[in-house]
Each structure stands twice: as C-alpha cells, then as structure tokens.
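Written below as structure tokens is the structure these notes are about.
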Amino acid sequence: MKVNQMEPRLSRANMRIVTVLLAAMLAVVMVSVPLALPIAEAAAEQLTSTAQKQFDKTKAAAVPADAATLQRLYDTFILLQQQNAERDTRLKAASKQNDDNEKTLRQRIQLIDKAKIEKLASKVETVKASGQPIFDQYALAVVQLKAAKKLGSKTLIAFMELQADLLEIRAKAAKAEIQAAEAELKQAKTNASSMMKRLRDQLAAIDKEEKAISPERSAISQLNKQKTSEWSDFTYALRGSDAKSAIRSLTTLQSVLQDIAQRQGTVEGCEIRIAAVIKTVSSQLR
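Take full-length UniProt numbering: the final residue in the sequence shown is number 286, and no numbers are missing along the way.
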C-alpha cells in the first residue's frame with residue numbers, strides 16, 4: 001500500500017519558538033566571544049517593495065479608520081526608528097570619546113611631577129657624589145689623628161686635630177645637604193602620590209555611571225530583539241491583509257521604540273556626566 005507523504009510544516013507559534021531558541025543559542029555563542037565595541041543598534045526595519053504592496057492592499061481592504069491608523073502608526077514607527085538610530089550614533093561617538101579622554105587623562109595622572117621627581121633624584125645623586133670625597137677625607141683624618149696620638153707628638157697631634165675638625169665641619173655640611181635633597185625628593189614623591197590618589201578618587205565617579213549604563217544597554221539589546229520579532233508579526237499580518245493584527249503589531253513596535261528612546265536618554269545622561277568628570281579632573285592638572 002502506498003503511503004502518502006506530507007512535508008512537515010511548523011505552525012506559526014512553533015516557528016516563533018524555534019526563532020527564540022536559535023536567538024538564545026546565538027546569545028550563548030556571542031557571550032563567549034569578547035567584544036571590543038558596544039552592542040550595535042538593530043538593523044532598521046522598513047517595508048520591502050513586496051511588503052509595501054501588501055501594506056497598501058491591507059489599507060485598501062480595511063475600514064477607513066483602520067486604514068488611517070495603519071498609515072499613522074507606520075509613519076510614527078519610521079520616525080521613531082530614525083530618531084533612535086541617530087541617537088545611537090551619537091551615543092557611540094560620545095562613549096568612544098569619553099573612553100579615549102579617560103585613557104589619556106589617566107596617563108597624564110601617572111606622569112604627575114615625573115620630570116620634577118627625576119630632577120630631584122638626580123640632584124640627590126649629584127650631592128652624594130660630591131660629598132663622598134669629603135667623607136673619605138674626614139675618615140682618613142680620623143685614622144691619622146689616632147696614629148699621631150700613638151706617636152705622642154704634640155705638634156703632629158695638634159695639626160691632625162685641626163685638620164680633622166675642619167673636615168668634620170665640611171662632612172656635617174655635606175651630610176646636611178644630602179639629607180635636605182633627600183627630604184625634598186621624598187616630599188615631591190609624597191605630593192605627587194597624594195595628587196594622583198585625589199584625582200583617581202574623583203575618576204571613580206565614572207565607574208558609577210558605567211555601572212548604570214550596563215543594564216540599560218542590555219535592556220536595549222533585548223528590546224531590539226523584540227522589535228525584530230514584532231516586525232515579523234507585522235509583515236505576517238500584512239500577507240493576510242489582517243489590518244487589526246497589523247495595527248496591534250505597530251502599536252507594540254511604537255511602545256518598544258519609545259522604551260528604547262527612554263533608555264538611550266538614560267545612557268546619554270550618564271555619558272554627559274562622565275564627560276563632566278573627565279573635564280573637571282583634567283582642569284586640576286598642571
């Protein structure tokens with residue numbers, strides 16, 4: 001007996017489930033791959049020439065009120081989508097500029113008083129080098145004085161004592177000069193470290209803003225996925241000239257885009273505050 005074979009078909013609901021599963025699998029793969037840039041804005045949705053004909057056909061078959069609503073909602077969708085795309089471009093540029101400026105600023109902070117400290121360190125070495133011969137001469141004079149005392153010559157002892165006393169004065173002066181140079185170097189290092197810490201503490205405000213940005217970006221990513229899915233529902237409704245379903249999809253799409261815009265606004269506020277922190281800290285550098 002011949003068995004009739006039928007091609008397997010997925011219901012629309014099952015197709016949605018498969019789509020969601022594939023999206024989840026893709027998300028797992030993407031998590032394992034490090035990304036250097038923020039998640040990109042979803043591709044702009046618009047009617048193809050075929051879909052446009054289906055849209056016009058759906059409007060023609062609908063009651064006038066629904067036809068007008070369809071056109072109004074679609075026009076609003078296109079406008080909101082364009083505004084979100086432009087805002088996303090601005091946000092990416094602002095984020096990159098802030099990252100670059102912060103990196104440059106941290107490098108400048110690391111170099112605070114570097115030239116001054118190097119100059120003072122060189123001064124310490126120079127003073128030590130110039131004082132060493134005096135220390136050596138004084139040490140030798142002390143040894144010679146001890147030897148003269150063993151010989152018992154009062155004239156020699158008096159001469160060696162005078163020489164040792166004079167060299168001791170010079171040695172103490174050289175030691176004081178070295179100590180002063182070392183103290184100046186130590187103070188310069190302390191001042192530089194203190195300023196570095198103070199400025200870095202101020203930059204910590206950036207971390208707070210970036211932590212606020214992260215969940216907003218994640219939410220925007222999920223909303224873009226919802227937009228793609230809802231757009232698919234919209235075009236599906238057009239293929240069946242189902243004006244009511246198309247209106248529901250466009251209404252949802254408008255809500256999604258408005259939510260994205262709101263979250264983009266939050267991110268934009270964070271980026272503005274980050275830029276302000278960077279500017280404030282930069283102004284404190286000499």
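Yeah, the Cβ is synthetic: ideal placement off N, Cα and C, and Gly gets one too.
Computed from a prediction, not measured in an experiment: that's the story for all the values here.
Cβ distance (whole Å) where residue i is taken to contact residue j below 8 Å
{"i": "residue 148", "j": "residue 156", "result": "4 Å"}
{"i": "residue 199", "j": "residue 107", "result": "With a Cβ gap of about 12 Å, residue 199 and residue 107 do not count as contacting."}
{"i": "residue 188", "j": "residue 80", "result": "With a Cβ gap of about 57 Å, residue 188 and residue 80 do not count as contacting."}
Residue i to residue j span [Cα, whole Å]
{"i": "residue 61", "j": "residue 208", "result": "54 Å"}
{"i": "residue 256", "j": "residue 223", "result": "6 Å"}
{"i": "residue 92", "j": "residue 109", "result": "26 Å"}
{"i": "residue 218", "j": "residue 98", "result": "20 Å"}
{"i": "residue 51", "j": "residue 216", "result": "33 Å"}
{"i": "residue 153", "j": "residue 137", "result": "22 Å"}
{"i": "residue 182", "j": "residue 116", "result": "13 Å"}
{"i": "residue 146", "j": "residue 176", "result": "26 Å"}
{"i": "residue 100", "j": "residue 197", "result": "21 Å"}
{"i": "residue 64", "j": "residue 238", "result": "16 Å"}
{"i": "residue 82", "j": "residue 53", "result": "22 Å"}
{"i": "residue 241", "j": "residue 78", "result": "20 Å"}
{"i": "residue 151", "j": "residue 139", "result": "19 Å"}
{"i": "residue 280", "j": "residue 194", "result": "17 Å"}
{"i": "residue 276", "j": "residue 201", "result": "15 Å"}
{"i": "residue 47", "j": "residue 68", "result": "17 Å"}
{"i": "residue 262", "j": "residue 90", "result": "15 Å"}
{"i": "residue 190", "j": "residue 158", "result": "47 Å"}
{"i": "residue 264", "j": "residue 49", "result": "31 Å"}
{"i": "residue 162", "j": "residue 118", "result": "39 Å"}
Spatial neighbours of residue i in its chain, beta-carbon cut-off 8 Å, leaving aside the 5 residues before and after
{"i": "residue 210", "result": "270 and 274"}
{"i": "residue 178", "result": "124, 127, 128 and 131"}
{"i": "residue 70", "result": "55, 58, 59, 62, 243, 246, 247 and 250"}
{"i": "residue 186", "result": "none"}
{"i": "residue 258", "result": "80"}
Cβ-based neighbour list, residue i, same chain, cut-off 7 Å, excluding 5 preceding and 5 following
{"i": "residue 27", "result": "Note that residue 27 has pLDDT 41, beneath the 50 cutoff, so the model's placement of it is unreliable and the number below is only indicative. Around residue 27: no qualifying Cβ."}
{"i": "residue 75", "result": "none"}
{"i": "residue 319", "result": "Nothing can be reported for residue 319, as the shown portion of the chain is limited to 1 through 286."}
{"i": "residue 226", "result": "256"}
Beta-carbon proximity of residue i to residue j, cut-off 9 Å
{"i": "residue 123", "j": "residue 184", "result": "yes"}
{"i": "residue 131", "j": "residue 174", "result": "yes"}
{"i": "residue 278", "j": "residue 220", "result": "no"}
{"i": "residue 235", "j": "residue 73", "result": "no"}
{"i": "residue 287", "j": "residue 203", "result": "For the chain, the structure presents residues 1 to 286; residue 287 sits outside this window and is missing."}
{"i": "residue 167", "j": "residue 141", "result": "yes"}
{"i": "residue 112", "j": "residue 205", "result": "no"}
Cutoff 6 Å; reference residue i; Cβ partners in own chain excluding five residues on either side
{"i": "residue 66", "result": "243"}
{"i": "residue 134", "result": "170, 171 and 174"}
{"i": "residue 45", "result": "231"}
{"i": "residue 160", "result": "144, 145 and 148"}
{"i": "residue 266", "result": "216"}
{"i": "residue 213", "result": "267 and 270"}
{"i": "residue 233", "result": "249"}
Any C-beta of chain B under 9 Å from that of residue i
{"i": "residue 172", "result": "Of the protein chains in this structure there is only one, and it is not chain B."}
Residue i: CB within 8 Å of a non-hydrogen atom of the ligand ZN
{"i": "residue 225", "result": "Annotation note on the ligand ZN: not contained in the displayed structure, which lists no ligands."}
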